[in-house]
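Undergrad: So the sequence shown is residues 476 to 717, counted in the working numbering.
Yeah, the Cβ is synthetic: ideal placement off N, Cα and C, and Gly gets one too.
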Amino acid sequence: MRIDVITIFPDYMAPLREALLGKAIERERISVGVHDLRGWTHDVHRAVDDSPYGGGPGMVMKPQVWGEALDEVCAGSDSPPRLVVPTPAGSPFTQQTAVRWSEEPWLVFACGRYEGIDQRVMDDAARRMPVEEVSIGDYVLVGGEVAALTMIESVVRLLPGVLGNPASAEQDSFSDGLLEGPCYTRPEAWRDLPVPDVLRSGNHAAIDRWRRYQALERTWQRRPDLLEALSDDELDRADRAR
Ligand SMILES: N#Cc1c(N)n[nH]c1-c1ccc2c(Cl)cn(Cc3cccnc3)c2c1
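(1) Can the beta-carbon of residue 477 be found closer than 8 Å to that of residue 580?
(2) Hey, would you say the C-beta of residue 567 is under 7 Å away from at least one heavy atom of ligand 2?
(3) Spatial neighbours of residue 670 within its chain, please: C-beta separation below 7 Å, excluding the five flanking residues on both sides.
(4) When the Cα atoms are used, what is the spatial distance from residue 481 to residue 548?
(5) Within 7 Å: the Cβ of residue 618 and any heavy atom of ligand 1?
(6) Where do the N-terminal and C-terminal ends of the alpha helix (DSSP H) with residue 510 fall, by residue?
(7) Might you give, ordered along the chain, the residues of its own chain that have their beta carbon closer than 7 Å to the beta carbon of residue 529, omitting 5 neighbours on each side?
(8) For the alpha helix (DSSP H) holding residue 621, just list the boundary residues, first then last.
(9) Residue 611 to residue 596, Cα distance in whole Å?
(10) Using CA atoms only, rank isn't needed, just tell me which of 520, 498, 639, 623 is closest to residue 485.
(11) Following a CB-centred definition, is residue 614 positioned closer than 7 Å to any heavy atom of ligand 1?
(12) Would you say the beta carbon of residue 611 comes nearer than 7 Å to a heavy atom of ligand 1?
(13) Taking Cβ positions, are residue 488 and residue 628 nearer each other than 8 Å?
(14) Once the 5 residues before and after residue 513 are set aside, which same chain residues still bring their CB inside 7 Å of it?
(15) Considering just the uninterrupted stretch of the alpha helix (DSSP H) at residue 598, what are its terminal residues?
Right, here's the structure in full:
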């Protein structure tokens, strides 16, 4: 997978070169390009923003600069990339989105700042490539870079050979519609707090049932909305795990 990121703060993307993501680059599971949007400005001030039409607070990112940047970054391949534009007004980014994008050969992330990117940038890009405006959650950041890092990590960890233990991705929270239950490791007792006996029983059928029930209970307590999405069969199966 090829990943390109366009931003006015290229150093914000430094974490892409660290740890799991850095190893994925070293192992050539992914190639990553980070591009400074100001490289496509032509004025002495290297301006990337301007006042909003219709008034209102803040500034809007100029379409000309983004247009030239996307023309160059998204060129050079028989098939265009999927353009991802983080925005608070975007469709929800979920684990299902990450799974879908993990099949893509090329993703380009357009990280904006200020009040956002002129809408015509996305409208123009959509004439020649798939464009998705997405949000990572119902809170407000200062720009798209943190969102892009979040989404890139959740996608890249799904690629073959990236995670040390591929089974880990298969047991993700959300992968079966439920949150993961609690996890434990040595010692058996810590500050008078024990490890649940069933986990030390060696009875794997009982352990699976216990884990399934814990996931169901935690989901019920913390994210009841996820249970509404579960089919009756899945709920019955979880119920039998009691
Ligand atoms: N994804 C996501 C996401 C999220 N979940 N919170 N905030 C963002 C996000 C993403 C992209 C931008 C761009 Cl471009 C500018 N801002 C600042 C801003 C703040 C308030 C209103 N409008 C824009 C962004 C915030």
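TA: On the basis of the supplied data:
(1) yes
(2) No copy of ligand 2 occurs in the structure displayed; its ligands are ligand 1 alone.
(3) 659, 663
(4) 8 Å
(5) yes
(6) Counting along the chain, residue 510 falls outside any alpha helix (DSSP H), though it belongs to the beta strand (DSSP E) covering 506 to 511.
(7) none
(8) 620 to 631
(9) 21 Å
(10) 623
(11) yes
(12) yes
(13) no
(14) 483, 521, 523
(15) 594 to 600
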